[in-house]
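Residue numbers (the working numbering), protein chains in the order written: chain A, 301 to 589; chain B, 301 to 589; chain C, 63 to 444; chain D, 63 to 444.
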């Protein structure tokens, strides 16, 4: 099974003729992803690496029946690109760019929640269902197919975890880069029900960090609805207070909510196993297998 | 059972100190409705007919735990009043005023759909669950408790139907004035699932009219999900084309959709019994009993 | 409130949408003086509230001010579909290369604005919908997002339009949307939107419909409404806050009630019985005897109307008030003696009402129900 | 980007929110001349990026220009929490009757703005939250609706505020909201919002935080950032598009990695092992040998830093590039010989990288994993 993307994913790339779009477009195809088209305004009618380019997402959608779009467009055009994909009724929209203004994302988030589209990112490495499809720029060699479903606010901690898992012979069902920004299009709470339902997924890994309340919200849901084992890592216990850590998300609220302690406590109360490090995550999972 | 309102309804009246608000407020209390408060900016702290007045809906909500609000405020303040009720998280908001600008309602509609509030109206006589509660200005004497659930875009056709039903000894579960405006806060589609589920309701009556596509949308839903018998009347077969009939809703689209014929055909295909007149509705129901 | 072309174009101009230079001519106006700042040749168009004016001779061309003067004077004497021509728009004739259709409408299905475009402009959009449906694109607009550039790009690519018009078209669409929102439009239509040269577009005709309920915030539109030729009875009724609705010219039955739903039901039943309704009047709420009397008088000012069907479902309205109103009107001497009122009442003080009505005379017929009333009308064979 | 008081107040003024008259004084400025248009007495406030300036002697009052001159000069020589005072705001002293708290923050829970108000202004809102939670109201704002009057009415009624301030307060809230939206704020705070007379309110202090990612559309804020005293290494790192993060002053370990998640994890593990991280540097994506060398040099410019832990999970980054960068930096002569680099690499060309690293010398320690690296750091006991 896996969630969100699989062998039936028909992907379009917004910004396909850009440097990043082309580079990762070819890699996604090489991985086996069905890239059915791309969008670059003004370049409709062209072809890049055998894939047709359209001027608008709506056209691309109508011509290809795409069900997922990944945006390799600069930060300042990400909101407009996401609107366009939502407006064209693309069910899954993945935004990659770093440094998207948080007010832009506040706008996209609030619009998306009124729509039927799921927005993932920004500042996400994308989504991969190993062996089936990848939509993003992650280094796919380290992934392998298996029963661990992973969602992570941090790319580096996620790669590290996946690398160690794969080295231990433990594969993944779907790995989602939630992105570390203050307002992600989707968060743990949106994917937990999917992982819980997914037959391939046996263990869920949640890699969070300080700031925001998405881990606390997830904890509440897990307590009520999730039967599968969940392992969580919260990074940033010793991050300096009130300073940006690169991820806009990693700011501890002045009033103490959003702290690593609070998150770990809430998750722990929900029956989640708390890991101390990426290596510890892998150790815990290894013992479960 | 009944739907939307019943003996547990705790009602506030926005505009309670106005002429209409006071007049109908007393009548609602006389009918047995639990009117727990009212709102008039600047008159907070007063009392009218034994009911406390607040300055804002949020305050009224916090102090009384109201779960329904009815707006007896002029058309030009209806949108703002509805926002306020939605923002205060009142689950059911009933707007009475005629001649609310349609763009105001477009705004309210789109906001309400993002919220947990149900907005009914504008240009509605309100909602009544006979014998339990009324929220609106309908002449309650003609209603009686029973198993017919009614929703109507027209007040007069609805009164007529109810009057004849009650005369025949046939009561009603809940009667809803949808209002005849171009963009009603809620329509048939929103109440059909409730009536279908409601144990008290045995027969559903839908009183529609030309214009818009709410009857066609209802037909689609009925076809798929409604097992209870539905009787429908569509008024306006011979209304002049393209002219306003008082109800902003009663404008036949130039391209033929929204016509009485189209609506009757779609409803008929969905298994709905089409009545020729209000008297005919009652005749049909009488035969069913 | 439907606007006449010239008023719609005034709004377009105010919103930065290019239109032809032109002037509105009325009777007794010095036409040659009025057009002197316009470049010839001219196009003259009658300003009336009906379609098909072209076929009816309501659009003419003139090469000189002299010719324009002559044609305009003729036009101001015309009557089209029973509407007297009171205004003529004289504008600079445009050499157009192609014509598009553009409108924004209130989409009742999505409860949001909808953008409609066709590369086949200048013809009725309903004909295009029927004959060339692939030449129309309807795009629902997200109410919170408005119209974005990618939507316009989509239209251009779909119909392979010349990108040199992209900028001008984008500006027109965005301005038309602003107008639609700010002026509470249910329709804002430019047809044709003419291509007149290098990257240049021009709105040659305009239809706009503004929500009546919003007029309190658009004083200029109220002024416009007051300035134009209108059905006298509609105007008179409005003074009493009634809604007078002409139904069919041949009808000789009228309907008065206190709600549009009931009115529509009555018209439907009377029509089904083989008779024709000429007009209807909606009293709205709270009918006192004075107001009822005025309503009855207004109805019978239409000399075609022989029979009036009044159906009032009282509720709060008192039936005796209604009866007294009918009595007052019929005894005022302003209504011809052969006119008949069929009346059906239900509500408070019904017995008193029936007593009053029964004493007026033969021309008042009491009905027990709507269907009884309709039958009594048809048995009289008006 | 956190703004200093004077810059935040400039924005308030631009958005029509009343502030005191005042001037910003820098070194070598003619203070008496600068304050001559201000009415005495004055309040002088140092402009530094830290809280608690009052307790540290950073707020003073002066009765005359002469006194202001003397005090300002003293203040411009101060250092508070290791920050040198470079700017002093001199403003007209306000006689205030009462103080409120008002802010708009980005609410990450609701993903929308939130309005926060307290009738207890002038104190830290966190203290109020702890000691008088009933004196704070937090109202989530519907993103599509904005702040409506009824919300402000609610606040007034909840705290029984004098309605004569309603109009002034409403105007301030709406303008602050506009500022919040248009300037991409994550925080826009007025504390205290002072009551200074009949219906009159005044913003006496202001904190604003502007989303760094939005700065490309706020050139005035970029200018402000460039104009203020800042950590030299942060500035230097920014020139290379690195993010330099001071962690704790006492720390002597530094962390370099290509992602903030990894950096946080490394800091957590090192801290857990009983050692202190002084700074971290985020390389971002695409690290070439040149950039790596620069990063290593910047890190060791902080003389407290004895040991650097580099953890790179390659992916697309080539490990040999990283190794060459480290080698280049350590052999540049710019780094003291006793400094140590513990390095853990994973990815393309790892063997080549290990070869390069092993040839540099004793001050380069290779680790197999993050935990191995952390252990190797602690075994060296810096």
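Backbone N, C-alpha and C define an ideal beta-carbon position, used for all residues, glycine too.
Bear in mind the structure is a predicted one, so any value in this text is a computation, not a measurement.
Spatial distance of residue 268 of chain A from residue 168 of chain D (CA atoms): Outside the displayed range of chain A (301 to 589) lies residue 268 of chain A, so it cannot be described from this structure.
How would you call residue 489 of chain D, buried or exposed, if buried means at least 16 neighbouring beta carbons within 10 angstroms? Lying before the first or after the last residue shown, residue 489 of chain D is absent from chain D, which here runs from 63 to 444.
Can you tell me the Cα-Cα spacing of residue 275 of chain B and residue 202 of chain D, whole angstroms? With chain B running from 301 to 589 in the structure shown, residue 275 of chain B is simply not present.
Report the residue ranges of all alpha helix (DSSP H) runs contained in full by the region 344-380 of chain C; include only those spanning at least 4 residues, in chain order. 351-363
Strictly under 7 Å for the Cβ-Cβ distance: is residue 422 of chain A near chain C by that measure? no
Quick check on the burial criterion: 16 or more other C-beta atoms within 10 angstroms. Buried or exposed for residue 222 of chain D? exposed
Is there contact here, the region 345-358 of chain B with the region 246-256 of chain C, by at least three beta-carbon pairs under 8 Å? no
Mapping the DSSP letters down to three states, classify residue 395 of chain A as helix, strand or coil. strand
So, with DSSP's three-state summary, where would you put residue 284 of chain C? helix
Within-7 Å CB hit, residue 314 of chain A to chain C: no
Given residue 402 of chain B, which residues of its chain have a CB within under 8 Å of its CB, disregarding the five upstream and five downstream residues? 481, 482, 483 and 548
Using C-beta distances below 6 Å, list every residue in its chain close to residue 29 of chain D, excluding the 5 sequence neighbours before and after it, in chain order. The structure shown does not extend to residue 29 of chain D, since chain D is modelled only from 63 through 444, so no value can be given for it.
Which term fits residue 328 of chain A, buried or exposed, when burial requires 16 or more other beta carbons within 10 angstroms of its beta carbon? buried
Suppose you measure from the CA of residue 341 of chain C to the CA of residue 210 of chain C; what does that come to, to the nearest Å? 45 Å
With a threshold of 7 Å between beta-carbons, can residue 482 of chain B be considered close to chain C, or not? yes
Would you kindly work out how many angstroms separate the C-alpha atoms of residue 130 of chain C and residue 150 of chain C, rounded to a whole number? 11 Å
Just to confirm, is the Cβ distance from residue 375 of chain C to residue 408 of chain C under 7 Å? yes
According to a CB-to-CB cut-off of less than 7 Å, which residues of the region 395-418 of chain A neighbour chain D? 399, 400, 401, 402, 403, 406, 409 and 410
Nearest to residue 376 of chain B (by Cα), restricted to the options B:367, B:397 and B:485: B:397
Rounded to the nearest angstrom, what separates residue 74 of chain D and residue 285 of chain D at their Cα positions? 18 Å
Could you give the DSSP three-state label for residue 550 of chain A: helix, strand or coil? Low confidence applies to residue 550 of chain A: its pLDDT is 48, below 50, so where it sits in the model is not reliable, and the reading given next is rough at best. Coil.
Are there any heavy atoms of the ligand MG lying less than 6 Å away from the beta-carbon of residue 387 of chain C, as far as the coordinates show? This structure does not include the ligand MG; it has no bound ligands of any sort.
Going by DSSP in three states, residue 333 of chain D sits in which element: helix, strand or coil? helix
Measuring CB atoms only, is the region 302-318 of chain A touching the region 380-396 of chain A, in the sense that at least three cross pairs come out at less than 8 Å? yes
Give a yes or no on whether the minimum CB-CB distance between residue 68 of chain C and chain A is below 7 Å. no
Could you list the residues in the region 445-464 of chain B with a C-beta less than 9 Å from some C-beta on chain C, going in chain order? 452, 453, 454, 455, 456, 457, 458, 459, 460, 463 and 464
Residues of chain E with a CB under 8 Å from the CB of residue 207 of chain D: which are they? Absent from the structure is chain E; the protein chains it does hold are A, B, C and D.
With 7 Å set as the bound, which would you pick, yes or no: does the beta-carbon of residue 355 of chain A sit closer than that to a beta-carbon of chain C? yes
Listed from N- to C-terminal order along the chain, which residues in the region 390-415 of chain C have their beta-carbon within a distance smaller than 8 Å of any beta-carbon of chain B? 408 and 409
Just confirm the distance between the C-beta atoms of residue 321 of chain A and residue 372 of chain A, as a whole number of angstroms; I'd bet it's less than 8 Å. 4 Å
Integer-rounded CB distance, given that residue 513 of chain B should sit under 8 Å from residue 419 of chain B: Rounded, the Cβ-Cβ distance is 19 Å, inconsistent with contact.
Cutoff 7 Å: residue 278 of chain C Cβ touching any chain A Cβ: no
So, is the C-beta of residue 304 of chain D closer than 7 Å to a C-beta in chain A? no
Delimiting residues of the beta strand (DSSP E) encompassing residue 257 of chain C: 247-259
When the cut-off is 7 Å and only beta carbons count, does residue 102 of chain D lie next to chain A? no
In whole angstroms, give me the CA-to-CA distance for residue 511 of chain B and residue 559 of chain B. 6 Å
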